Structures are given as structure tokens and as C-alpha cells.
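Below is one structure; the comments refer to it alone.
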Amino acid sequence: MTAHTPSHTPSIPADGPGTVAGQIVGGRRMRRNRRTDWQRRLVRETALTVDDLIWPLFVVEGTGVRQPVASMPGVHRLSVDYVAEAAAEAASLGIPAIALFPFTDPDLRDETASEAVNDGNLVCRATRAIKHAAPGIGIITDVALDPYTSHGHDGLLAGDEIVNDATVERLIEQTLVQAAAGADVIAPSDMMDGRIGAIRQALDEAGYTHVQIMSYAAKYASAFYGPFRDAIGSNKTLRGDKRTYQMDPGNTDEALREAELDLAEGADMLMVKPGMPYLDILWRVSQTFGVPTFAYQVSGEYAMIRGAADRGWIDGERAILESLLAFKRAGADGILTYFALDVAKRQKAG
Ligand code: PBG
């Protein structure tokens, strides 16, 4: 048998009048808009730009330190000097904002998260260094106690219970040291009730009326946070789980009630988290309230895409852009993503 058997290959007729053409409604061939690159670009409904990106960064003690995070290949914990450099690079590429998360020295973690309210803690030092190195980039600081507690919870424990109101008092103190260090956006990720209103009031009373609040309004109790907990070192110490404060993955209407309350309490921006498994929530929140709404493509999502791409199982470059575009399609005004720098670099290169 030979590969060349033209005489036996039936010729394929060109598209034109015939049986199929008769079935095409109103002559409307959808493929007409997809024939060429210029046509596809012209009719594209959604686009991702560098303005949509927020880059989360992990901060660690020391100078000149760059520690790989095993479950997040390509992501590192950086000492304050390197975080400032990274933020400056992000700024030079046009990334609007970065988000800071600390790996607190285990010796500094305790039951009451005292390091969270230390105005010289890692996040505060990193904030000051970034303000100096890259004054034009927005700094989002995380408000929650889990990087600072010996038990790994976002709130304070009384026995086995995460106590709400005492935690909120602590979160207010944490907010105020971050604002004093120069944080532009306070992002409470703790899911305590009433914290947005309390934080707004405390910020205003202290004269920080310009500081924004990006509320983790709909944050689910998710398995996709695993690698993040490795990155901040809370995975091994976490006592129990976070289901008494983070949302049940079965719920949708509840997310709208959470978002409504956070807006009423003074949130400027909302966030839905995780991202890809919760695109329906993102869509409903963004459609219902019409306020700036963000998605967090969390550590587990990063790990899945990176892991598969590194093994050659998927085309990483395309999968990253496709995953980020999905958030835009679902109504996101922006995305927190560990891919932010890579994407910004690629977009700049064209
Ligand atoms: C905790 C916090 C978490 C993330 C951001 N803030 C994890 C958790 O709730 O345990 C997850 C981010 C990610 O997975 O990338 N305050």
C-alpha cells in the first residue's frame, strides 16, 4: 500500500448551493466570522489585558531570600528586598496591583496572632519597601489571622470555636497597622460576620477614608487552597477545617446575601474565591450588584495548570490565557492570579 492513492480519494466538493445550504437558516453561516485572524479579533466579545491582573506575592524573613514553594512550581517566597524588586517589575509591566501574604516565622505564631498587629511585621515592612520602590503600584494587604496563629485559623479560638466578635476586634488592629504602613486596599479574607462595617468605621475614624476595602465576600471552604497553605506555612498546623466560617460549596443564594451585606457595610469591591470552580457565583454576583467584582484564581488552580503544563499534558500558555479569559467572560473586573507576571510579560512581548 502506498500513501499516494489519488485515484481512489473522493474529491470533496466546495461549499455551495445544495442540500445542506438549504438547511442553513437565513443563509447565516456562523463560520463566516471565524475564517481569518482579523475577523476573529474584530468580533471578539471579551479580552484580557494587563489592567485586569493582580499579582499575589509571598513574603518571608531575610535578605536576598527566594524560596521555592514545592506545590506551586515557579512561585517563590521572597524576602522584603526581593518583593520590592518584584513589585517594581510588575509596575513596569503595567500590572495595577499586587497582593501580599506573609510566611510568618513559626516562633512568632501564637494563639492570639499577636504578630498580626505588630506594625513592624513582614507585611508592613514589605508595604513600606514597595511604596518606596514602586510608588505607582497598588498594594492590597490581606486581613485574616491565619499566617499568624499557631493553630492556623483565620480567627481566634475559644476552645474549639472560632469566636467572631473578638476576632473582628483583632482584625481592626491588623487593618490599622497595614493602613499606617501604606496599604491602599484592605482585603479581609477571614469570613467573620460584620468585619467589613467594623473595618470601614475604624479606617474612617483613623483618617484613612481613602483606603479601599476589597471584600472576600464569597469565599468557599475549598480544597483548592492547599498549596497556599504550604506557601504561608499553615498547612501542617491547621487544627480542623474552616467550614464554620468559609462557605459551603453547595450554596449560591448565600453568596448573594454575603455580597449584599458586605456592600451595605461599605465594601468598595467584591471578590469570589476560588475562581474556576465558582464561575457561576462570579457571574451571579457581578450581574446582581454591578460593582467592581474580582475573581481569585487560587493556588490549587495554579498548581493544576502549571503541573499539567510542566508535564506537557496541556499547552500551558494557551491554558493560562483561556482560564483567565473565562473570568472576564463571567463578569470579573480583574483577577488575582499567580500567572500575572508571566502573562504581563507575554502581552508586552506581543
Ligand atoms: C486565608 C487565605 C487563604 C487564601 C487566601 N487567604 C486560604 C485559606 O482560607 O485557608 C487562599 C489563596 C490561594 O489558595 O491561592 N486567609
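By the UniProt record's numbering, the letter at position 66 of the sequence shown is numbered 66, and the numbering carries on one by one without gaps.
The beta carbon of each residue, even a glycine, is placed where N, CA and C say it ideally should be.
Fair warning: this is a prediction, and the values are worked out from it, not measured in the lab.
For residue j and residue i, the rounded distance between their alpha carbons
i, j, result
"residue 14", "residue 305", "40 Å"
"residue 218", "residue 272", "5 Å"
"residue 204", "residue 311", "50 Å"
"residue 23", "residue 17", "10 Å"
"residue 338", "residue 299", "8 Å"
"residue 237", "residue 288", "38 Å"
"residue 118", "residue 67", "24 Å"
"residue 168", "residue 256", "22 Å"
"residue 33", "residue 44", "10 Å"
"residue 341", "residue 241", "32 Å"
Near the ligand PBG: residue i beta-carbon under 7 Å from a heavy atom
i, result
"residue 289", "no"
"residue 352", "The structure shown does not extend to residue 352, since the chain spans only 1 to 350, so no value can be given for it."
"residue 323", "no"
"residue 246", "yes"
"residue 41", "no"
"residue 229", "yes"
"residue 189", "yes"
"residue 342", "no"
"residue 225", "yes"
"residue 242", "yes"
"residue 333", "no"
Cross-strand partners of residue i (DSSP beta bridge)
i, result
"residue 212", "185"
"residue 55", "98"
"residue 401", "Limits of the chain in this structure are 1 at one end and 350 at the other, which puts residue 401 out of reach."
"residue 341", "Answer by DSSP bridge pairing: none, since residue 341 is not bridged."
"residue 68", "76"
Assigned secondary structure, residue i (DSSP; H/G/I helix, E/B strand, else coil)
i, result
"residue 192", "coil"
"residue 356", "Outside the displayed range of the chain (1 to 350) lies residue 356, so it cannot be described from this structure."
"residue 153", "coil"
"residue 293", "strand"
"residue 336", "strand"
"residue 177", "helix"
"residue 138", "strand"
"residue 255", "helix"
"residue 11", "coil"
"residue 279", "helix"
"residue 320", "helix"
"residue 93", "coil"
"residue 145", "coil"
"residue 162", "strand"
*Touching or not, the segment 281-288 and the segment 323-331, by the rule of three or more beta carbon pairs under 8 Å?*
yes
*Mind the definition here: the segment 223-234 touches the segment 186-197 only if three or more C-beta pairs lie below 8 Å; say whether that holds.*
no
*How about the segment 251-258 and the segment 150-164: do they share at least three Cβ pairs that are nearer than 8 Å?*
no
*Is the segment 46-62 close to the segment 84-95, with three or more CB pairs under 8 Å?*
yes
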